Structures are given as C-alpha cells and as structure tokens.
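Asker: For reference, each letter of the sequence shown is one residue, going 1 to 56 in UniProt numbering.
Have a look at the structure that comes next, please.
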Amino acid sequence: MICPPYKICSEQATGPVCTCPANKVGTFCQYNNPCNQSSSICHNGGTCVSSNTDPP
1 MICPPYKICS EQATGPVCTC PANKVGTFCQ YNNPCNQSSS ICHNGGTCVS SNTDPP
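Printed below as a string of structure tokens:
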C-alpha cells in the first residue's frame, strides 16, 4: 500500500488512490488542507475547494 496507514487506499484503473481525511490533501495525504487553515483564504466571494492533487 502506498497510503499512510491511517488513510484509505483504493485501487482504480489508473492505479492506487489515497482517500484523505478532510484536513489533508495530496497524492499521499502529505499536505495540510489549505481550506482548513484560514477562513480568509479566498477573496471576493470565492469558495475554497481542495483537490487530491499535488501542487505544481
């Protein structure tokens, strides 16, 4: 398994995928979810939406 032990790993057609808890994001759930860090992260009426992809 590639996911940390406390994460959920499922096999997809493209390979294994980690399902992260709400406070984590990233391929291996290795990053803190920025949407949970601050209520003021989005401006001008924007909505913070996290994804399970790594930053560029």
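Just so it is clear, CB atoms sit at the ideal spot from N, CA and C, and this is done for glycine as well.
All values derive from a computational prediction rather than experimental measurement.
#1: Which term fits valine 25, buried or exposed, when burial requires 16 or more other beta carbons within 10 angstroms of its beta carbon?
#2: Compute the Euclidean distance between the alpha carbons of serine 40 and alanine 22, then round it to the nearest angstrom.
#3: Measuring CB to CB, does proline 4 end up less than 8 Å from phenylalanine 28?
#4: Near serine 10, which residues of its chain fall below 8 Å by C-beta distance, leaving aside the five closest residues on each side in sequence?
#5: Hey, would you say serine 50 sits closer than 8 Å to asparagine 33, going by beta carbons?
Answerer: This is what the structure holds:
#1: buried
#2: Cα to Cα, the separation comes out at about 18 Å.
#3: yes
#4: Pro16, Val17 and Thr19
#5: yes
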